[in-house]
Amino acid sequence: MIEIIVVSTLNGVLYGMLLFLMASGLTVIFSMMGVLNLAHASFYMLGAFFGFEITRRIGFWPALVVAPLLVGAIGMAVERYGLRRVHSHGHVAELLFTFGLTFVIKEVVEMIWGKLPADYRVPGSLDFAAFTLFSSDYPAFRLFVLLVSIAIFLALLLVIKRTRIGLIVQAALTHPGMVGMLGHNVDRIFMLVFGVGVALAAVAGVIAGPILITQSNMAGLLGPILFVVVVVGGLGSLGGAFAASLLIGLVQTFAVAFNVSLADLFGSTAAGEVLSVWLSDIWRVTVAQVAPILPYLLLVLILIFRPRGLMGTRDT
Amino acid sequence: MSEATVISRSVRASRGGLTAYAIWLALALALLLLPQLFPSRLALSTMSLMGTMIIFALSYNMLLGQTGLLSFGHAVFFGLGGYFCVHALNLAGDYGWPIPLPIFPLVGALGGLTFGVLFGAVATKRAGTAFAMITLGIGELVVSLALILRRFFGGEEGITTDRTDVLSFFGYSFGPQSQVYYLVAAWCFISVAAMYAVTRTPFGRICNAVRDNPQRTAFIGYDMGTVRFIAFSLAGLFAGIAGGLSAINFEIVNAAQMGAVESGSVILMTYIGGVGNFAGPIIGAILVTWLQLVLSDATQIWPLYVGLLFIGIVMFAPGGIAGMLAMQGPVIAAGKLHRVAPYYLLAAIPGAIAVIGLSILAETSHQFSIRAAYGPSITLYSLPFDVTSPLPWIVGLVLAAGGVWLFLRAARLARNAYEEAIAGGAA
Amino acid sequence: MNDGVVLELSGLFKSFGATEIIRGVDLEVRTGERHAIIGPNGAGKSTLFNLVSGHLSPSAGSIRLRGEEIAGMAPQLINRRGLSRSFQITNIFPRLSVWENVRCATLWALGYKYSFWRSIDGLDDVNARTEEILTEIDLLDRWRTPAGVLTYGEQRALEIGLTIAGNADVILLDEPTAGMSRAETERVVALIRKVSEQRVLLMIEHDMHVVFDLADRISVLVYGEIIASDTPERIKSNAAVQQAYLGTEAA
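Residue numbers (this note's numbering), protein chains in the order written: chain A, 1 to 316; chain B, 1001 to 1427; chain C, 2001 to 2251.
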């Protein structure tokens, strides 16, 4: 039991940190530009596929640097030539533009890499057991992913607290309306923020690709959870996004680990006999099977009891 | 007094004008006569699908175009409507209930409305981006639940039915596709008329007000949450009708029909057609359904083209196709269509060339990377190419780049001509 | 209804975080009164309107409309009780025509609420009322124009039209003449005089000519407190007001 708890906590934090790697960029972009980038998970997917392709040709370490740079460049181009143009058509048009982008990026990925999972493996240099926990080995690559996420998290914190751009981002987080007053270089800041934001998502893609499955549907699977994170955390709140990332990371990993159903708990009692007939579907469902629903259930509950999210202050 | 009465009378008269009746009569006639024009089985099933999608897209536009609500989970109500309809059909068949088939879309409507009310109560607490995310979450929630509650949703395979099992309707069994077409057409006509009528009621106008300036509606006495909630519920109702018709048409419903892909496709249809115009979603539903059919026959990567078309519309023509057509109204009124039409043609030719070039590039790279196992040869526009040679790449690149460049220039000319025609008309 | 007091504010406070914007306002507005609120920028005039109209809820204190407590109520509930307001920054429905703008504002008061089963064009009382308002604000010949493309002056008139269309008997106008030329201002003053005949008017205004021309009673708001509330003549000669606000202008 303790083993399950320790391993699940580790994996939950790992998954949570990966989520935050994406949610942080998403939140900053939203705060500054007022648009929730629906294609954020698609850039994560691009990161994974670029990572896979570069790893195959050159190696994992160059991929870790080059793939996010490439994705960041694509992101800046998308902002400069697409999003900025749509801005004048209003808020809904901006959302729809990024929505259309998810569609096109998925199709382009399928056009080039197909629909089957890519053979993106853990690099040899990190393919060993980091330590043994109780009876099972904990893979070094997972530890590496955790460390990279934490390192980027700390670096991000430093940038936001200590640099000029960071100050602007901070101002945008607290006073979203004020960004327009920044002067003539606001366009360049938007482009940069968008580029860095999606590059962070791409980093997540490069390092998560080998442990999760690198496939053309990965954006579609992860995207909705990412949006749950930012809504549950409170749109535009970096702290909320961090808390919600960890929360959802942990909830999902723990749910998967517990393979218990109502039938297991009440199976032999008399009441169980009656209930099992009427609720046959729900009766045999294990907690693990319910895991995919939990984030959305959390979303609905949060909206009923705390409509602005965990730490949200904004009523968009 | 004089002008005042004139306006009042004209407003009152506008609701039952002769032209209005003529348009509805023409629509009814068109729906009646289409099978004579396109009698093939394929055409009939395509038109049945289009009719269903018209209802679905219009119901979506009650949210997006009329009330300014961007939902990413509208297919939930389409799918649930389908499930309710299928279960009702199966029950009616098993127990011999004396209910004829044409009534069953109402069961779908009831299902859509019930869940519209239920989910609407949660989702319409917020607007804007948060609303969009909530609807996305509700969509994911329902689809994941559907895979668990197998008894009702039938898991991945879904639930099947037999529409001929229920009471026949004046001797019609609804076995043949042509009879199903008329069933869809009748419901399509009723739903379109009903949704149009809603836009011309106090509630319909207040929806527009909420779309334009939600905060101000509170200061004229309206609760914007309630307006959104009613709009959401009604949109659920009509989506449920569409889902019921789809279930009757295909005799199967599965969880995927409630999912993100279906929700996405209704957004595409509605927006490509045009959200600012009542007829827009109708145009979009017909066009996108047709495109899906034609393109999916021709190429595996057809969704890419639909996606690019959508992005193009979002970027360059936010009014959609209906918006572009509506823009021609003043030109026609000024009698200057013959002045601008040549410029449109001038832009259309390089536009088509650019599309051909892009498609050559896309198909070539698709063949090169994925379908390499099928060999390097590919036939594009009836011409054989070898994707390992540089030829198709160069041809594609030249056509695409040249086409785009020329198109942008021609488009500028066309825009100038258009503005000149409008200005001239006003003078 | 004691002494014809229609709107009564007492001990009203509003703070944003640590900053107190409204600090204990007491105010009475009586039947048939045209009441102006003046005061320097940042005194809290617009905040006061936001509190009364339900846009913000007060931190403490009470707001009574005909004896009924309305503090903290949602704007639509206050509006339905017969209090309507305009905005300093034009706040209309830009994509709807002038006709539809005004028509929407008449609907609730005429009892049509959320009706989605009756044709709006067939509602004779709604159409008649809409015309009446359009005649009053002199926008009848622009009835088909989308509100977003009207001139600034026309939009300001429409703003007043939206405020009076619901037939509220207490209307709050927030700087109705802001940014207008002399001629436009005169037209708006005439309009305000006309529409306030059967109603109680509370207005914020910076233009002293307009204020002394229109108001029966003036309240001076300085740093979130009402320092004087009296007839125009007495306000003019009030030493505290001169010092705090009118300054050299009145001297």
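Virtual Cβ for every residue (Gly too), placed ideally from N, Cα, C.
From a predicted model like this one, the values you see are computed outputs, not experimental measurements.
Among the residues facing chain B, residue 2131 of chain C is included, as its CB has a counterpart in that chain under 9 Å away. By the C-beta criterion, the segment 1138-1145 of chain B is judged not to be in contact with the segment 1202-1220 of chain B, since fewer than 3 inter-stretch pairs fall below 8 Å. Cβ contact annotation for residue 2015 of chain C (same chain, cutoff 7 Å, sequence separation greater than five): 2021, 2059, in chain order.
The shortest CA-to-CA distance from residue 130 of chain A to any of A:104, A:42, A:46, A:143 is the one to A:143. Boundaries of the alpha helix (DSSP H) harbouring residue 2132 of chain C: 2124-2136, taken from the DSSP string. In the three-state DSSP reduction, residue 1296 of chain B falls in the helix class (H, G or I). At least one beta carbon of chain A lies nearer than 9 Å to the beta carbon of residue 1137 of chain B.
If you compare the alpha carbons of B:1184, B:1245, B:1254, B:1096 with that of residue 1145 of chain B, the shortest gap goes to B:1254. For the segment 1211-1228 of chain B, the beta-carbon criterion of a distance under 7 Å to any beta-carbon of chain A is satisfied by none of its residues.
Interface annotation, residue 2154 of chain C: not in contact with chain B, CB-CB separation never under 9 Å. Take the alpha-carbon of residue 1266 of chain B and the one of residue 1276 of chain B: they are about 16 Å apart.
With a cutoff of 9 Å on beta-carbon distance, residue 1233 of chain B and residue 1120 of chain B are scored as near each other.
Of all residues in the segment 109-131 of chain A, only 110, 111, 112, 113, 114 come within less than 8 Å of chain B when Cβ atoms are compared, listed by chain position. Following the DSSP letters along the chain, one finds residue 2200 of chain C inside the beta strand (DSSP E) bounded by residues 2200-2204. Beta-bridge analysis with DSSP links residue 138 of chain A to A:131. Across the set B:1297, B:1374, B:1344, the C-alpha of B:1344 shows the shortest separation from the C-alpha of residue 1412 of chain B. By the neighbour-count criterion, in which 16 or more other beta carbons inside 10 Å mark a residue as buried, residue 2238 of chain C falls on the buried side.
Judged by pairs of C-beta atoms under 8 Å, the segment 36-51 of chain A does not touch the segment 169-176 of chain A, as fewer than three such pairs exist.
With respect to residue 2047 of chain C, residue 2005 of chain C sits apart: the two C-beta atoms are not nearer than 9 Å.
Where residue 2024 of chain C is concerned, there is no enclosing alpha helix (DSSP H), although the beta strand (DSSP E) around it starts and stops at 2019-2030. When Cβ pairs closer than 8 Å are counted between the two stretches, the segment 2081-2097 of chain C is seen to touch the segment 2143-2156 of chain C, the count reaching three or more.
A Cβ-Cβ contact shorter than 9 Å links residue 1129 of chain B with residue 91 of chain A. Think of a sphere of 8 Å around the beta carbon of residue 99 of chain A: the chain B residues whose beta carbon falls inside it are 1072, 1264, 1267, in chain order. Going by C-alpha positions, residue 1082 of chain B is about 25 Å away from residue 221 of chain A.
Measuring C-alpha to C-alpha distances from residue 97 of chain A to each of A:20, A:84, A:6, A:163 identifies A:84 as the nearest. In summary, the residues of the segment 1181-1210 of chain B whose CB is separated from some CB of chain C by less than 8 Å are 1197, 1198, 1200, 1201, 1202, 1203, 1204, 1205, 1206, 1208, 1209, in the order they occur in the chain. Here DSSP, grouped into helix, strand and coil, assigns residue 2016 of chain C to strand. The residue from C:2126, C:2203, C:2102 with its alpha-carbon nearest to that of residue 2110 of chain C is C:2126. Put simply, of C:2241, C:2182, C:2087, C:2244 the residue whose alpha carbon is nearest the alpha carbon of residue 2156 of chain C is C:2087. Using a 10 angstroms sphere on the CB of residue 161 of chain A, the tally of other CB atoms stays under 16, which defines it as exposed.
Proximity of chain A to residue 1362 of chain B at the Cβ level (cut-off 7 Å) is accounted for by 111, in chain order.
DSSP places residue 2055 of chain C in no alpha helix (DSSP H); its state is neither H nor E. In the DSSP assignment, residue 2225 of chain C forms a beta bridge with C:2222.
When the five nearest sequence neighbours on each side are left out, the beta carbons in the same chain lying within less than 8 Å of the beta carbon of residue 216 of chain A are those of 45, 106, 109, 110, 113, 114, 115, in order along the chain.
Residue 26 of chain A is not bridged by DSSP to any residue.
For residue 2127 of chain C, the chain B residues whose C-beta falls within less than 7 Å of its own C-beta are 1008, 1011, 1012, listed in chain order.
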